[in-house]
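A short worksheet on the structure shown next.
Residue numbers (this note's numbering), protein chains in the order written: chain X, 1 to 347; chain D, 1001 to 1103.
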């Protein structure tokens, strides 16, 4: 069989597993096309947007593109952030340990990949999933459920675990030589590391719980707080931007303040200083604090005290803090909030 | 593949660009997504100049070119801390002829 006519479309995160899955198929002479989805919840993307001076760009590289360059396969990066957010807000199969809707995420991405495959005349889909590697989305029943829900039964190949699973249509039809695929299962990385050496894949990210902010405890807490205080239909991409930076303190169900932790975060938040109140301590070095919601006078005074607490005037008796919004300005002279007070409000 | 340290092109020998794409203010992967979309409208042999200010593009742009099969001609420093990238559309690139999946 001339396998060069067979087009395999894969989800390429840029992690070692998806890189190796692509390499296994390319080695058999198939045309391999990679898809990488930009969800808006990538930790590295958030670090890029902060644009810290002096950060080595190689540490912030796009791993999907790196994988594409290493395996010499086309990887298309697709922005799915707006639709992805809707899935995250309404996961049919629920969240994992944090705010990670892993099963819905796989279904969503595979549906998108299936559409892409049909558009480019692809024959089947593949992923770098390894049977039993992750508790929620990669146990046998979940893998079957995911393929079935997407309408990909028998058409979704997991090259790294294929020989530990039932043969798929690409294997039965001879598009892929099953005997050359992997039988890897479980959480050990030993087999993948050996395979990486065989393919000369050297530069790959270390497994670290992934790049997804939805599995991050701090981000998850803030996101859950946002959902507790906002109707899902009113949550948008811009709301998520704030969850990625600063200290978040909730004053009431309607009012929250985001305080920058350093100069880089100040510069980042500065871009979003528009319709809401902003607070800055005067006469000393101060973080920028942005307010969400409409604070009353007592809350404004509390915002001033919180801002003072994180300024260089934190040990003074009194600190002057300016709250401003679109030409309005109020100056408060307050005692900096105590550590305990701030901790009580911290999300 | 690491190209983050590649030297800039000689200013006197910059490739002549057929089209300019300005992605200043956007952070990766958006410059790559916009670049990929712009390349679809150019014929093989044409050169796209991409003006960016995300330093990570120094790594991502050559990686994208190697992945897609297009020709990475190099980069040069632009005004105000910007970066100018030059990419040649190659015949038989690996990118399939279709519109990108939109969000």
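By construction, the Cβ of each residue, glycine as well, lies at the ideal position given by its N, Cα and C atoms.
Please read these numbers as outputs of a predicted model, since none were measured by experiment.
Chain X within 7 Å of residue i, Cβ atoms only
i	result
residue 1084 of chain D	no
residue 1089 of chain D	no
residue 965 of chain D	A query on residue 965 of chain D cannot be resolved here, the shown segment of chain D reaching from 1001 to 1103 and no further.
Supposed close pair residue i, residue j - CB separation, criterion 8 Å
i	j	result
residue 410 of chain X	residue 14 of chain X	Here chain X comprises residues numbered 1 to 347, so residue 410 of chain X is not present and cannot be evaluated.
residue 204 of chain X	residue 19 of chain X	6 Å
residue 390 of chain X	residue 1060 of chain D	Nothing can be reported for residue 390 of chain X, as the shown portion of chain X is limited to 1 through 347.
residue 169 of chain X	residue 124 of chain X	7 Å
residue 1093 of chain D	residue 1069 of chain D	4 Å
residue 48 of chain X	residue 1027 of chain D	5 Å
residue 7 of chain X	residue 33 of chain X	6 Å
residue 318 of chain X	residue 305 of chain X	In fact, because the Cβ distance is near 10 Å, the residues do not count as touching under 8 Å.
residue 260 of chain X	residue 325 of chain X	Going by Cβ atoms, the distance from residue 260 of chain X to residue 325 of chain X rounds to 17 Å, so no, they are not a contact pair.
residue 1083 of chain D	residue 1057 of chain D	6 Å
residue 249 of chain X	residue 345 of chain X	4 Å
residue 80 of chain X	residue 39 of chain X	6 Å
residue 299 of chain X	residue 226 of chain X	No, residue 299 of chain X and residue 226 of chain X are not in contact; Cβ-Cβ is about 19 Å, not under 8 Å.
residue 331 of chain X	residue 320 of chain X	6 Å
Test: residue i CB closer than 7 Å to a CB of chain D
i	result
residue 273 of chain X	no
residue 331 of chain X	no
residue 25 of chain X	no
residue 65 of chain X	yes
residue 338 of chain X	no
residue 69 of chain X	yes
residue 46 of chain X	no
residue 4 of chain X	no
residue 58 of chain X	yes
residue 349 of chain X	Only positions 1 to 347 of chain X appear in this structure, which leaves residue 349 of chain X out of reach.
residue 324 of chain X	no
residue 38 of chain X	yes
residue 118 of chain X	no
Residue i Cβ short of 6 Å to the ligand SAH heavy atom set
i	result
residue 229 of chain X	Because no ligand of any kind appears in the structure shown, any question about the ligand SAH cannot be addressed here.
Identity of the residues DSSP links to residue i by a beta bridge
i	result
residue 79 of chain X	X:38
residue 7 of chain X	X:31
residue 103 of chain X	Per DSSP, none; premise fails for residue 103 of chain X.
residue 1047 of chain D	D:1088
residue 185 of chain X	X:131
residue 1076 of chain D	D:1084
residue 1071 of chain D	D:1088
residue 1022 of chain D	D:1051
residue 387 of chain X	Any answer about residue 387 of chain X is impossible in this case: the structure gives chain X only from 1 up to 347.
residue 346 of chain X	X:249
residue 74 of chain X	X:33
Proximity test, Cβ basis, 7 Å: residue i and chain C
i	result
residue 62 of chain X	Although the question refers to chain C, the structure presented lacks it and instead comprises the protein chains X and D.
What residues in the segment 1005 to 1032 of chain D have a beta carbon less than 9 Å from any beta carbon of chain X?
1005, 1027, 1028, 1029, 1030, 1032
In the segment 1050 to 1077 of chain D, which residues sit with their C-beta less than 7 Å from some C-beta in chain X, listed in chain order?
1054, 1055, 1056, 1058, 1059, 1060, 1063, 1064, 1066, 1067, 1068, 1069
Against chain D: residues of the segment 71 to 89 of chain X by CB proximity under 9 Å
71, 72, 73, 74, 75, 76, 77, 78, 79, 80, 81, 82, 83, 84
Whole alpha helix (DSSP H) elements within the segment 251 to 337 of chain X, 4-residue minimum:
263 to 270, 297 to 309
Along the chain, which unbroken stretches of the alpha helix (DSSP H) at least 4 residues long are found entirely within the segment 115 to 177 of chain X?
140 to 150, 169 to 172
Give the residues from the segment 7 to 34 of chain X that approach chain D closer than 7 Å (Cβ to any Cβ), ordered along the chain.
33
Those runs of the alpha helix (DSSP H) which lie wholly inside the segment 213 to 245 of chain X and span at least 4 residues:
217 to 229, 237 to 243
Between the segment 1034 to 1051 of chain D and chain X, which residues of the former have CB atoms less than 7 Å from a CB of the latter, in chain order?
1036
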